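Trainee:
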Amino acid sequence: MIEDAGISNLDDVAQMTPGLTFYSPFGEQIPTPVIRGISQTNIFGETNAAVFVDGVYVSGRQGLNLSQLDIARIEVVKGPQSALYGRNSFSGAINIITAEPSDVFSGKGEVTVGDHGRRAARLSVSGPLVADKLSGRLAVGYDRWDGAFDNTIKDGPDIGGSTYQTLLASLAAHPTPRLDLGASLYVSHDEIDQAAVASVAANCERNSAGAYQTVCGEIAQAPVNAAFGAIRGATGDTRDLTKISLTGEWRGDFLTVNALTGFSDLTYESVTDGSRTATGSTLFLYEKTGGPPFRLGAFAVEMLRIARPVEVQEFSQEIRASTPQDRRVRVSLGAFYYEVETTTGDVGIQALTPKPEDFSSFAPNIRLPFPPFAVVAPVGNLAFGGWFNGTDVDPNANSRADTKGWALFGSVDGEITPQLTARAELRYAYDEQSFVSPAGVAQSDDWKAVTSRFTLDWRARDGLLVYATAARGAKPGGISYDVQSARINSYDPETLWNYELGLKTTSTDRRFTSDLSVYYIDWQDILIPQIYTPAPPALPYAVETNAGSASVYGAELQSQMRWTPTFTTSLGLSYNDARFDDAVLATYATFPSYAATGGDVSGNQLAQTSKWQANGSFTYERDLTADWRWTLRGDAFYRTKQFNGADNLSWVPSRGTVNLRTGVRSDRWTIEAFVDNLFDDVKPTGAFRDVSFTNTADGANVTFFPWRMSVSYSPGRTAGLVVRARF
Numbered sequence: 001m002i003e004d005a006g007i008s009n010l011d012d013v014a015q016m017t018p019g020l021t022f023y024s025p026f027g028e029q030i031p032t033p034v035i036r037g038i039s040q041t042n043i044f045g046e047t048n049a050a051v052f053v054d055g056v057y058v059s060g061r062q063g064l065n066l067s068q069l070d071i072a073r074i075e076v077v078k079g080p081q082s083a084l085y086g087r088n089s090f091s092g093a094i095n096i097i098t099a100e101p102s103d104v105f106s107g108k109g110e111v112t113v114g115d116h117g118r119r120a121a122r123l124s125v126s127g128p129l130v131a132d133k134l135s136g137r138l139a140v141g142y143d144r145w146d147g148a149f150d151n152t153i154k155d156g157p158d159i160g161g162s163t164y165q166t167l168l169a170s171l172a173a174h175p176t177p178r179l180d181l182g183a184s185l186y187v188s189h190d191e192i193d194q195a196a197v198a199s200v201a202a203n204c205e206r207n208s209a210g211a212y213q214t215v216c217g218e219i220a221q222a223p224v225n226a227a228f229g230a231i232r233g234a235t236g237d238t239r240d241l242t243k244i245s246l247t248g249e250w251r252g253d254f255l256t257v258n259a260l261t262g263f264s265d266l267t268y269e270s271v272t273d274g275s276r277t278a279t280g281s282t283l284f285l286y287e288k289t290g291g292p293p294f295r296l297g298a299f300a301v302e303m304l305r306i307a308r309p310v311e312v313q314e315f316s317q318e319i320r321a322s323t324p325q326d327r328r329v330r331v332s333l334g335a336f337y338y339e340v341e342t343t344t345g346d347v348g349i350q351a352l353t354p355k356p357e358d359f360s361s362f363a364p365n366i367r368l369p370f371p372p373f374a375v376v377a378p379v380g381n382l383a384f385g386g387w388f389n390g391t392d393v394d395p396n397a398n399s400r401a402d403t404k405g406w407a408l409f410g411s412v413d414g415e416i417t418p419q420l421t422a423r424a425e426l427r428y429a430y431d432e433q434s435f436v437s438p439a440g441v442a443q444s445d446d447w448k449a450v451t452s453r454f455t456l457d458w459r460a461r462d463g464l465l466v467y468a469t470a471a472r473g474a475k476p477g478g479i480s481y482d483v484q485s486a487r488i489n490s491y492d493p494e495t496l497w498n499y500e501l502g503l504k505t506t507s508t509d510r511r512f513t514s515d516l517s518v519y520y521i522d523w524q525d526i527l528i529p530q531i532y533t534p535a536p537p538a539l540p541y542a543v544e545t546n547a548g549s550a551s552v553y554g555a556e557l558q559s560q561m562r563w564t565p566t567f568t569t570s571l572g573l574s575y576n577d578a579r580f581d582d583a584v585l586a587t588y589a590t591f592p593s594y595a596a597t598g599g600d601v602s603g604n605q606l607a608q609t610s611k612w613q614a615n616g617s618f619t620y621e622r623d624l625t626a627d628w629r630w631t632l633r634g635d636a637f638y639r640t641k642q643f644n645g646a647d648n649l650s651w652v653p654s655r656g657t658v659n660l661r662t663g664v665r666s667d668r669w670t671i672e673a674f675v676d677n678l679f680d681d682v683k684p685t686g687a688f689r690d691v692s693f694t695n696t697a698d699g700a701n702v703t704f705f706p707w708r709m710s711v712s713y714s715p716g717r718t719a720g721l722v723v724r725a726r727f
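Residue numbers for the sequence shown follow UniProt numbering, so the first one is 1 and each next one is one higher.
(1) Which one or two residues does DSSP pair with residue 120 in a beta bridge?
(2) What's the call for residue 651, buried or exposed, on a 16-neighbour Cβ count within 10 Å?
(3) Between 356, 253, 486, 84, which has its C-alpha nearest residue 427's C-alpha?
(4) Shortest alpha-carbon distance to residue 646 belongs to which of 549, 5, 100, 137?
(5) Alpha carbon to alpha carbon, what distance is there between residue 259 and residue 133?
(6) Counting Cβ pairs, one atom from each stretch, are 3 or more of them under 8 Å apart for the stretch 592-612 and the stretch 21-37?
(7) How should residue 314 be labelled, buried or exposed, when 16 other C-beta atoms within 10 angstroms of its C-beta is the threshold for buried?
(8) Which runs of the alpha helix (DSSP H) fall wholly inside the stretch 592-635 and span at least 4 residues, in chain order?
(9) Tell me which residue opens and which closes the alpha helix (DSSP H) that residue 382 is part of.
(10) Under the rule that 16 or more other beta-carbon atoms within 10 Å means buried, what is residue 23, buried or exposed?
(11) So is residue 166 buried or exposed if we call it buried at 16+ other beta carbons inside 10 Å?
(12) Could you tell me the alpha carbon to alpha carbon distance between residue 344 and residue 87, rounded to whole angstroms?
(13) Let's test the definition: count the other Cβ atoms within 10 Å of the Cβ of residue 337 and tell me whether it reaches 16, buried, or not, exposed.
(14) Among 273, 53, 113, which has the Cα closest to the Cα of residue 168?
(15) Reducing DSSP to helix, strand and coil, say where residue 302 ends up.
(16) With DSSP as the reference, please indicate the residues paired to residue 465 in a beta bridge.
(17) Helix, strand or coil, according to DSSP, for residue 587 in the structure here?
(18) With distances taken between CB atoms, is the gap from residue 329 to residue 248 smaller than 8 Å?
(19) Contact defined as beta carbons within less than 8 Å: I believe residue 308 pairs with residue 395. What is the distance between those atoms, to the nearest angstrom?
(20) According to DSSP, simplified to helix, strand and coil, what is residue 13?
(21) Just to confirm the assignment, what range does the beta strand (DSSP E) spanning residue 521 have?
(22) Tell me the residue span of the beta strand (DSSP E) that contains residue 190.
(23) Reducing DSSP to helix, strand and coil, say where residue 196 ends up.
(24) Please identify the residue among 708, 725, 692, 702 whose C-alpha is closest to the C-alpha of residue 303.
(25) Among 625, 123, 657, which has the Cα closest to the Cα of residue 664?
(26) Can you tell me which of the three DSSP states residue 2 falls into?
(27) Residues in its own chain within less than 6 Å of residue 225 by CB, not counting five upstream and five downstream?
(28) Rounded to whole angstroms, what is the Cα-Cα separation between residue 306 and residue 272?
(29) Beta carbon of residue 139, beta carbon of residue 122: below 8 Å?
(30) Is the separation between the beta-carbon of residue 592 and that of residue 205 shorter than 8 Å?
(31) Near residue 754, what residues of its chain come up, given a Cβ to Cβ distance below 6 Å and the 5 sequence neighbours on each side ignored?
(32) Jot down the residue ranges of each uninterrupted alpha helix (DSSP H) in the stretch 315-341, minimum 4 residues, whole runs only, in chain order.
(33) Evaluate residue 676 with the Cβ neighbour count: other Cβ atoms within 10 Å of its Cβ, from every protein chain shown; 16 or more gives buried, anything less gives exposed.
(34) Given this structure, state the Cα-to-Cα distance separating residue 453 from residue 492, to the nearest angstrom.
(35) Counting pairs of beta carbons, one from the stretch 186-195 and one from the stretch 151-165, are three or more of them closer than 8 Å?
(36) Rounded to a whole number of angstroms, what is the C-alpha to C-alpha distance between residue 700 and residue 237?
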């Protein structure tokens with residue numbers, strides 16, 4: 001199904017999974033999967049849904065949406081998964097499982113060509129190395145795409161494209177009939193162009209100084225190929241990722257022991273256009289030399305936003321012992337240890353445009369209110385001076401976070417009657433973190449959490465399963481650091497209870513299957529960044545605190561029907577009402593519409609969540625000859641609007657996509673044409689509130705760091721051809 005549907009990333013997975021959405025506001029820098037409305041109020045923090053590859057947790061946001069080869073299947077489990085997945089599976093987990101080495105020689109080659117410079121090639125081979133004892137698998141891939149957006153800047157780089165170079169190697173050993181060993185290596189070098197991100201200036205909620213503070217209303221669709229610019233030097237993101245995993249399974253008469261070891265090394269850095277405008281420049285106001293005071297001029301500045309490397313190294317070890325699955329009562333016990341070392345480089349601005357000849361100082365300047373108007377504080381120079389003299393990005397200004405933890409977990413399940421089965425899971429986790437800022441300021445903290453999951457399954461008859469679950473999840477606490485203010489603070493774990501009732505049915509002829517569930521989630525101690533706007537020249541800064549609670553009510557339906565041996569359909573539908581019960585965001589206290597309540601957002605819908613989501617697909621096959629058959633597949637996805645922030649003042653509109661694939665196949669060959677986003681839906685996919693890197697919103701009046709929305713857009717219609725051979 002993965003190959004047939006053309007699934008290649010987490011966004012593709014979300015479009016085929018009710019209750020799962022995917023949001024990536026800055027290319028691959030902060031990809032965000034959202035399960036059942038448990039979205040992140042802090043988009044830069046750790047995700048609420050965990051991503052695993054072959055059971056190994058993927059740490060580091062920049063490495064979540066990795067280019068993966070030889071995917072065998074993808075598991076999406078919803079609700080807290082304490083004993084099964086553990087760390088950070090707060091709202092659920094996504095487990096990408098790669099193909100295992102085979103005992104017989106086989107291989108597959110694939111070439112893809114398409115519009116917008118799409119060209120890709122993949123090759124994988126698998127087979128025995130030592131008969132009955134050792135087998136191996138090797139896959140390599142190259143995937144290049146120039147992006148579907150034209151750059152409005154002459155000779156500027158591509159926008160929205162990427163180049164992925166990937167290698168995957170694995171071994172499977174069977175030294176004895178009772179012992180299996182495995183090892184895998186993943187290496188990738190990815191070059192990701194600047195994302196299609198545009199700025200929308202704030203247009204509402206004036207503060208006491210008369211400046212707009214946010215955007216209200218629906219974020220409009222961008223004019224095709226007319227809204228995105230990236231200057232030369234804005235090369236985008238570079239990602240290098242190495243992952244190693246080791247597995248072992250020993251099967252005794254009364255016990256099975258599994259071991260899983262994981263190691264990963266991620267390096268990620270970026271250079272992007274700092275203006276996010278179609279012109280590739282931003283206006284700055286300055287005071288001119290000579291003449292009376294306060295004589296202002298304006299000049300356009302090209303600038304780069306430089307994020308020095310983020311390096312994430314992770315090690316994890318899990319050991320699990322389980323009793324045989326054919327017993328009436330089954331027990332599993334395990335232990336887990338991990339450590340993560342994260343080094344984050346400096347982030348800053350480098351201006352490429354020289355100052356005008358009549359430049360005196362950047363606005364604003366604060367002067368005494370009487371002659372001789374002595375300068376008290378050259379606020380503009382303090383804020384922007386380093387951008388123009390090359391000192392804003394310090395190669396030695398690195399922060400470091402060391403996270404360690406361990407957990408003990410267990411589960412027991414048994415048959416109360418032949419039709420009724422109960423299961424209980426329990427996990428105790430300890431986490432500690434130490435942080436050192438670029439200035440050498442250190443802070444450390446630790447947290448403990450107990451999570452659990454209780455399940456009751458009733459097989460009413462063959463093909464009918466009724467189940468009920470209650471699960472408690474906890475997302476580990478941590479230490480946050482704000483670059484602008486150099487503030488460090490620690491926060492406590494977030495917790496939730498997920499209650500679910502479901503019904504799974506299968507027809508007697510196995511042609512129809514369905515899965516219906518309803519759920520309620522009680523989410524407490526939500527981590528909310530409280531944004532404060534200090535006096536110039538400081539930028540707004542965030543302090544992360546546990547400051548809210550929310551409730552989520554929802555229902556999901558998945559079904560599949562095989563109408564004939566050659567025609568199959570599937571349908572997915574989800575309803576999700578996720579709202580704050582009690583929450584205050586300090587940043588909204590300066591909004592006139594929230595001033596009376598001090599920024600109280602209780603009752604508002606959570607950001608980056610859709611109330612309704614639907615997906616459907618069909619596949620049709622028809623024999624052409626004894627060896628060849630024609631195939632046609634269609635996939636459709638729709639979601640309703642999503643609010644951009646907890647204030648619910650702006651939103652991105654509902655959007656839908658339709659993908660088609662058709663071609664001919666034999667046992668060895670596949671020749672297939674595809675069209676993604678058939679109806680060319682180029683509506684925005686998400687937005688978040690931040691500031692423009694300038695001192696004016698309109699080019700005439702001083703607005704010190706004007707607010708805006710940074711809006712992400714998806715590519716329009718794309719098409720191509722795939723040729724695949726198996727041997």
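Beta carbons: idealized from backbone N, C-alpha and C, even for Gly. The structure presented is a predicted model; accordingly, all values stated were derived computationally and were not measured.
Mentor: Once the coordinates are examined:
(1) Under the DSSP definition of a beta bridge, residue 120 partners with 112, 143.
(2) Its Cβ being crowded by 16 or more others within 10 Å, residue 651 is buried.
(3) Ranking the options by Cα distance to residue 427, first place goes to 84.
(4) Per the Cα distances, 549.
(5) A straight line joining the alpha-carbon of residue 133 with that of residue 259 spans about 19 Å.
(6) With the cut-off at 8 Å, the stretch 592-612 and the stretch 21-37 touch.
(7) Buried is the call here.
(8) Taking only runs of at least 4 residues, no alpha helix (DSSP H) segment lies wholly in the stretch 592-635.
(9) Its alpha helix (DSSP H) spans residues 379-389.
(10) Counting Cβ neighbours within 10 Å, residue 23 comes out buried, since at least 16 surround it.
(11) Classified as buried, residue 166 has 16 or more neighbouring CB atoms from the shown chains inside 10 Å of its CB.
(12) Rounded to whole angstroms, residue 344 to residue 87 spans 22 Å at the Cα level.
(13) Taking all protein chains shown into account, residue 337 has fewer than 16 neighbouring C-beta atoms within 10 Å of its C-beta and is therefore exposed.
(14) Ranking 273, 53, 113 by Cα distance to residue 168 puts 53 first.
(15) Coil.
(16) Note: residue 465 sits in a beta bridge opposite 459, 504.
(17) Helix, per DSSP.
(18) Taking 8 Å as the Cβ cut-off, residue 329 and residue 248 do not qualify as a contacting pair.
(19) Right, their Cβ atoms sit about 6 Å apart.
(20) Residue state for residue 13 is assigned as helix, using DSSP reduced to three classes.
(21) Residue 521 -> beta strand (DSSP E) spans 512-524.
(22) Under the DSSP assignment, residue 190 falls in the beta strand (DSSP E) whose first and last residues are 179-192.
(23) In this structure, residue 196 counts as coil in the three-state DSSP scheme.
(24) Nearest Cα to residue 303 within the set 708, 725, 692, 702: 692.
(25) That would be 625, whose Cα lies nearest to the Cα of residue 664.
(26) In this structure, residue 2 counts as helix in the three-state DSSP scheme.
(27) Bear in mind that the predicted position of residue 225 carries a pLDDT of just 45, short of 50, making it too unreliable to give a figure here.
(28) Rounded to whole angstroms, residue 306 to residue 272 spans 7 Å at the Cα level.
(29) In contact: residue 139 and residue 122 (Cβ atoms closer than 8 Å).
(30) In this structure, residue 205 lies closer than 8 Å to residue 592 by Cβ.
(31) Residue 754 lies beyond the range of the chain shown here (1 to 727); nothing can be said about it.
(32) You should have found no qualifying run.
(33) Here residue 676 is buried, its C-beta having at least 16 other C-beta atoms within 10 Å.
(34) Residue 453 and residue 492: Cα-Cα distance of roughly 21 Å.
(35) Yes, they touch.
(36) About 34 Å.
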